[in-house]
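Here the structure comes first, spelled out in structure tokens, and everything after it is commentary.
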Amino acid sequence: MAGESADELARRQREKAERLLRAAERYEQGARGEQATGAILDQLCADGWAVFHDVRWPGRQRANLDHVVVGPPGVFVVDAKNWSGRIELGDQTFRANGRRQDKVVAAAGDAALAVAGLLGPEACAATRSVLCFVRDEPLTGWCHEVMVCSTGNLRETLQGGPAVLTEDQQRAAAVELDLAFRAAARGDRPAPDSGSGTRPGARPGPKPGPGPAGSPGPRSGPRSGPRAGARAGARSPAPVRPIGPRRPRRTAPRRRGGAGRLLALGLVLALTLVLGAGALASSLPRLIDLLDPPVTATQVPLGPTVYEDCEALRADYPDGVGTRRAVRHLAAGGRAPAVQPAVYRANRRLDPGADGIACEPVAGSTP
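What follows is the structure, encoded as structure tokens:
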């Protein structure tokens, strides 16, 4: 049919365009959720909190953290979710529109663990993960170790906990996070603007205040000293980069030395075998005698005796010999032949009646 292939290509392109549009809508919806959550978290800066937005997930190249905040109650890693529908919190379960969201909960917990690994012991112990849903109705609850709330009560939820960090500990934690996030953004950046989420907050580095208080933005501008120092300190890892390629060259001689030691050990063993070959050859006959002693007459098992006649047999067996079955069938009360199946088989010719008993005593005879 004319034009059929072109129609098929057009249909595929339209389907692809529709998928891209749906994906773009999801990204836009997520961006609006992060913006709404970030606007609420920015209000915490007035209370001395440090706020970081859209930073690179340490140790991962294609993942980011929506928000990280540091305040008296601890360090919170906030994952914003602009979802519609019903949210249910049960006994260690979290459902959205009736479906379990175990992977979402696990990812939130992993994010908190990654951030905690960047901090000192006090701030590490006070690091929590938060799932924040963009909606006006308040949500309150926990799913395993993950706090669940909404934008309607996000600020109250974060500030409602007891103070566990001092001002110095908060400032130190914020500086540590700022340095780590900047290093992660530089290390994963193939182009000047590839770290799209991190760079907007990292550029105003000289403006922020004690690095901690200010998230990567102008709101912490008055405290420029520590942040400026943090910015300068963050550049220090650059000279260390060549260390990686040099490690194989330093370890290579060790591998050669190990092979040399093995070769030397093999030579020593070979020399020992050569020198001991003469002694081994001289003692080999003795070893053979010990391992395989000569067969003596006492070691050769003897078979049953073959008698010439019943007189000779009765000299050893006065009542004759027979098989077990034949002896058992004899009438009780009489003299019973000896049960010797092997002797009987060797002297079967002395049993003319073939009743299983050879040289049995004659009835009425005396031994």
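In full-length UniProt numbering, the protein residues as written are 1 to 367.
Cβ atoms here follow ideal geometry from the backbone N, Cα and C, with glycine treated the same way.
Taking C-beta separations shorter than 6 Å and ignoring five residues to either side along the sequence, the partners of G356 in its chain run G322, T323, A326, following chain order.
Looking at the backbone, the Cα of V115 and that of P58 are separated by about 7 Å. Between E34 and A96, the C-beta gap is not smaller than 9 Å, which leaves the two residues out of contact. In the displayed model, V115 falls within a helix according to three-state DSSP.
When C-alpha distances from V134 are compared across W83, V274, L9, the shortest belongs to W83. In the DSSP secondary-structure assignment, E167 is not bridged to any residue. P73 sits close to G160, with the two beta carbons spaced by under 9 Å. About 19 Å separates the CB atoms of T93 and A112; that is not less than 8 Å, and the two are not in contact. Selection L177, P318, R155, D110 evaluated against L119 yields L177 as nearest (Cα-Cα). Separation of R171 and S129 (C-alpha to C-alpha, rounded to the nearest whole angstrom) is 20 Å. Here A184 is near V55, since their CB atoms are less than 9 Å apart. Spatial neighbours of A123 in its own chain (CB-CB distance under 7 Å, excluding positions within 5 residues in sequence) are listed in chain order as V75, L165, Q169, A173.
According to DSSP, T127 shares a beta bridge with V75. A buried status is given to L41, since no fewer than 16 other beta-carbon atoms sit within 10 Å of its beta-carbon. Taking each of V68, L271, D110, D102 in turn and checking the Cα distance to G38, the smallest one comes out for V68. Per DSSP, the unbroken beta strand (DSSP E) holding L89 starts and ends at 87-89.
The C-beta distance from V148 to L139 rounds to 6 Å, short enough to fall under 8 Å. If you draw a straight line from the Cα of A125 to the Cα of E25, it is about 38 Å long. Assigned with DSSP and collapsed to three states, V321 falls in strand. D351 and D309 have their C-alpha atoms some 10 Å from each other.
V343 carries a helical assignment under DSSP once its states are collapsed to helix, strand and coil.
Going by DSSP, S150 is part of the beta strand (DSSP E) stretching over 146-150.
DSSP places G33 inside the alpha helix (DSSP H), whose first and last residues are 4-42. E360 is classed as buried because its beta carbon has at least 16 other beta carbons within 10 Å across all chains shown. Pairing V70 with A50 gives a Cβ-Cβ distance under 9 Å. For N153, the closest alpha carbon among the candidates R86, H144, L131 is that of L131. For C359, DSSP assigns no beta-bridge partner whatsoever. Taking 8 Å as the upper bound for CB-CB distance, L89 and V77 are not in contact here, some 19 Å apart. Distance check between A36 and each of T151, N347, D102, R99 places T151 closest, using alpha-carbon atoms only. One thing to note: Y344 has its Cβ within 9 Å of the Cβ of A358. A straight line joining the alpha-carbon of A336 with that of D319 spans about 6 Å. For G98, the secondary structure class from DSSP, reduced to helix, strand or coil, is coil. Counting along the chain, R314 sits inside no beta strand (DSSP E); it lies in the alpha helix (DSSP H) bounded by residues 310-316.
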